[in-house]
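A.B. asks: Dumping the structure here so I can ask a few things about it.
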Amino acid sequence: MSGIPMLDLKREYLHRKAAIDAAITRCLDHQRWILGPEVGELEGEVASRFGHRHCVGVSSGTEALVLALRAIAIRRTGKEYFDRQDLVITTPFTFTATGDAILRAGATPLFVDIDPATFNLDPAKVHEAVAACAGRVVGILVVHLYGRSCEMAKFKEVADSEGLFLVEDVAQAFGGRWQSRYLGSLGEAGAFSFFPSKNLGCYGDGGMVATSDKELADLCRMLLKHGGRDKYNVDHIGYNARLDTIQAAVLLAKIGDLEEMNEKRREIASLYARELAGVVGIILPEEAEGHVFHQYTIRVPGGGRDALQKALAEEGIASMVYYPVPLHRMGVFRERMSVHGTLTEGERAAEEVLSLPIGPLMSEPEVRTVSGTLRRLLAR
Ligand SMILES: *Cc1c(COP(=O)(O)O)cnc(C)c1O
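For the sequence shown, our numbering assigns the number 4 to the initial residue and increments by one for each residue that follows.
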């Protein structure tokens, strides 16, 4: 039996092989590996296609988050880092890097529970948390999990009224929208990841910071090159966090059809929704507007998730649990976090979620195979 993987990167490469090969060959010809012309070109392309005023290429999505938060700390406090007393609200149901970036910027994550329908931070609980921790909350780091936008109007409202910064972790939602606007352009800054499996992926690590604020963009540019405008006379505690030229070249070759690829992901999600409608024992994700389905994630309530995953694997069908351990249960955060209320929805999600194979070039028969197998296994 051939089997269905989570995502077939080789298929995507072959789909655009000529353009990608040519882009890499151009780099081999010019040999400008560090901040070569492709990096600036990519920044310009992302800015103009997705309505961002300033884009700064960086070495990963994680570094994009760290640089954005550090730049905001420097500008708001005049110091290099936030204070341990400063709280940044975020979700416990995300990849570690989201919370880790808050720690690396010197602040303490304040975990607030998610809305079970969206898997994203619950705006009502964020309002409560801000009120409960009066004066200590400095910002909100929202995550558009699985490619679905947070309810940005509600977060903007609380951020604006309380003078908090709002940063978007867009690692899973490149090209996704909130109403008519592309994600990453709604807060003070947006952080993107080009990790190979993301909606826009390169062939290694890569990331980007988007912001409408020139001063923040300038600070990020300094931080990614050791912290100075001048490499040999440095102002801030910086990083070596540049986006590789060759990765920018690969991304330039792929960015032209990102919208089409995201549309294909939405079509696959719709097909899953039709094929799995009415199946007892699972809950399907909502098809929200602007959703780019980085993952197609179902819930398996009642404790049968792991057994179902194992049964699927026996039929040759891959699936993944993103994420099995909420951040507040991890050792790294145990002594370094604050929690508002209970985080039971985040914990329940960690026990129930199962992401099914989805990739822009997945075929209709493949989607039907996955759905049919699921239906059969759940009917047993
Ligand atoms: C992938 C991811 C990151 C980190 O991106 P890298 O490029 O792997 O460093 C951060 N946050 C979320 C939600 C992610 O999915």
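Built from N, CA and C at the ideal position, the CB exists for glycine as well. Values in this document were obtained by computation on a predicted structure and should not be read as measured data.
Counting C-beta neighbours from all protein chains within 10 Å, is the total for R383 16 or more, i.e. buried, or is it exposed?
C.D. replies: As a working mapping, residue 383 is identified with position 380 in the sequence shown. The residue is exposed, with fewer than 16 neighbouring Cβ atoms inside 10 Å.
A.B. asks: Between which two residues does the alpha helix (DSSP H) containing V42 stretch?
C.D. replies: Counting from one through the sequence shown, the residue named residue 42 turns up at place 39. From DSSP, the alpha helix (DSSP H) with V42 extends over P40 to F53.
A.B. asks: Does DSSP put T93 in a helix, a strand or coil?
C.D. replies: Position 90 of the sequence shown, counting from 1, holds the residue named residue 93. Strand, per DSSP.
A.B. asks: Considering just the uninterrupted stretch of the alpha helix (DSSP H) at M211, what are its terminal residues?
C.D. replies: Looking up residue 211 in the sequence shown gives position 208. Unbroken run through M211 is the beta strand (DSSP E), G210 to T214; no alpha helix (DSSP H).
A.B. asks: Compare the Cα-Cα distances from L68 to each of A22, C153, S196 and P95 and report the closest residue.
C.D. replies: If you number the sequence shown from 1, residue 68 lands on position 65. For the residues A22, C153, S196 and P95, the minimum Cα distance to L68 belongs to S196.
A.B. asks: In three-state terms, what does DSSP make of Y206?
C.D. replies: The residue labelled residue 206 in the question sits at position 203 within the sequence shown. DSSP places Y206 in coil when its eight states are reduced to three.
A.B. asks: Any idea which residues DSSP pairs R268 with across the strands?
C.D. replies: On the sequence shown, residue 268 is found 265 positions in, with the first residue counted as 1. For R268, which the question treats as bridged, DSSP gives no partner whatsoever.
A.B. asks: CB-CB under 8 angstroms to A1, same chain, minus the five flanking residues each way: which ones, in chain order?
C.D. replies: Coverage of the chain is limited to positions 4 through 383, which leaves residue 1 absent and any answer about it impossible.
A.B. asks: Nearest-angstrom Cα distance between R302 and R277?
C.D. replies: Stepping through the sequence shown from its first residue, residue 302 is reached at position 299. Stepping through the sequence shown from its first residue, residue 277 is reached at position 274. Computed Cα separation, rounded: 16 angstroms.
A.B. asks: What's the call for P368, buried or exposed, on a 16-neighbour Cβ count within 10 Å?
C.D. replies: Residue numbering aside, residue 368 sits at position 365 when the sequence shown is read from its first letter. Exposed, since its Cβ has fewer than 16 Cβ neighbours within 10 Å.
A.B. asks: For S264, which residues of its own chain have a beta-carbon under 6 angstroms away from its beta-carbon, when the five flanking residues on both sides are left out?
C.D. replies: Taking the first residue of the sequence shown as position 1, residue 264 is located at position 261. Residue identity differs from the one stated: residue 264 is Met in this sequence, not Ser. Excluding positions up to five away in sequence, the list reads P363.
A.B. asks: Can you give the Cα-Cα distance for L38 and R245, rounded to whole angstroms?
C.D. replies: As a first step, residue 38 is located in the sequence shown; it is residue number 35 there, counting from the start. As a first step, residue 245 is located in the sequence shown; it is residue number 242 there, counting from the start. Taking the straight line from one Cα to the other gives about 7 angstroms.
A.B. asks: G210: beta carbon under 7 angstroms from a heavy atom of ligand 1?
C.D. replies: Translated into positions along the sequence shown, residue 210 becomes position 207. For ligand 1, at least one heavy atom lies less than 7 angstroms from the Cβ of G210.
A.B. asks: Can you give me the Cβ contacts of V328 inside the same chain, cut-off strictly under 7 angstroms, excluding the 5 residues immediately before and after it?
C.D. replies: As a position in the sequence shown, residue 328 is number 325, starting the count at 1. Cβ within range, chain order: A353.
A.B. asks: Drop a sphere of 10 angstroms on the beta-carbon of K128, count the other beta-carbons inside from all chains shown, and report buried for 16 or more, exposed for fewer.
C.D. replies: The residue given as residue 128 occupies position 125 in the sequence shown. K128 comes out buried.
A.B. asks: Rounding to the nearest angstrom, what Cα-Cα distance links R184 and R224 in this structure?
C.D. replies: Within the sequence shown, numbered from 1, the residue matching residue 184 stands at position 181. Within the sequence shown, numbered from 1, the residue matching residue 224 stands at position 221. Using only the alpha carbons, I get a separation of about 25 angstroms.
A.B. asks: Report the option in M155, H18 and P95 whose CA atom is closest to the CA atom of V335.
C.D. replies: Stepping through the sequence shown from its first residue, residue 335 is reached at position 332. Nearest of M155, H18 and P95 to V335, Cα basis: P95.
A.B. asks: In this structure, does DSSP put M4 in helix, strand or coil?
C.D. replies: Counting from 1 along the sequence shown, the entry for residue 4 is found at position 1. With a pLDDT of only 48 at M4, under 50, the local geometry of the prediction cannot be trusted, and the value read off the model is given with reservation. The answer is coil: DSSP assigns M4 none of H, G, I, E or B.
A.B. asks: Report the rounded CA-to-CA distance for A76 versus A316, giving the unit in angstroms.
C.D. replies: Locating residue 76 in the sequence shown gives position 73, counting from the first residue. Locating residue 316 in the sequence shown gives position 313, counting from the first residue. If I take the Cα positions, the gap works out to 46 angstroms.
A.B. asks: How should A280 be labelled, buried or exposed, when 16 other C-beta atoms within 10 angstroms of its C-beta is the threshold for buried?
C.D. replies: The sequence position of residue 280 within the sequence shown is 277, counting from 1. With fewer than 16 Cβ atoms within 10 Å of its Cβ, A280 is classed as exposed.
A.B. asks: Can you give the Cα-Cα distance for L346 and Y299, rounded to whole angstroms?
C.D. replies: Within the sequence shown, numbered from 1, the residue matching residue 346 stands at position 343. Within the sequence shown, numbered from 1, the residue matching residue 299 stands at position 296. Rounded to the nearest angstrom, the two C-alpha atoms are 23 angstroms apart.
A.B. asks: Rounded to a whole number of angstroms, what is the C-alpha to C-alpha distance between E318 and A272?
C.D. replies: Taking the first residue of the sequence shown as 1, we reach residue 318 at position 315. Taking the first residue of the sequence shown as 1, we reach residue 272 at position 269. Looking at the two C-alpha atoms, the distance is approximately 21 angstroms.
A.B. asks: Using alpha carbons as the reference points, say which of R29, L106, Q34 and P126 lies closest to E338.
C.D. replies: Start at 1 with the first residue of the sequence shown, and residue 338 comes out as number 335. E338 has its Cα closest to that of L106, out of R29, L106, Q34 and P126.
A.B. asks: Can you give me the start and stop residues for the alpha helix (DSSP H) that G142 sits inside?
C.D. replies: Against the sequence shown, residue 142 aligns to sequence position 139. Careful: G142 lies outside any alpha helix (DSSP H), inside the beta strand (DSSP E) at V140 to V146.
A.B. asks: Evaluate I7 with the Cβ neighbour count: other Cβ atoms within 10 Å of its Cβ, from every protein chain shown; 16 or more gives buried, anything less gives exposed.
C.D. replies: Here residue 7 is taken as the residue at index 4 of the sequence shown, counted from 1. Answer is buried; the Cβ neighbour count reaches 16.
A.B. asks: What are the boundary residues of the beta strand (DSSP E) that P112 is part of?
C.D. replies: To locate residue 112, count along the sequence shown from 1; it is residue 109. T111 to F114 is the extent of the beta strand (DSSP E) around P112.
A.B. asks: Return the chain-ordered ranges of every alpha helix (DSSP H) run that is complete within the stretch 251 to 302 and spans a minimum of 4 residues.
C.D. replies: Runs of the alpha helix (DSSP H) inside the stretch 251 to 302: 261 to 279.
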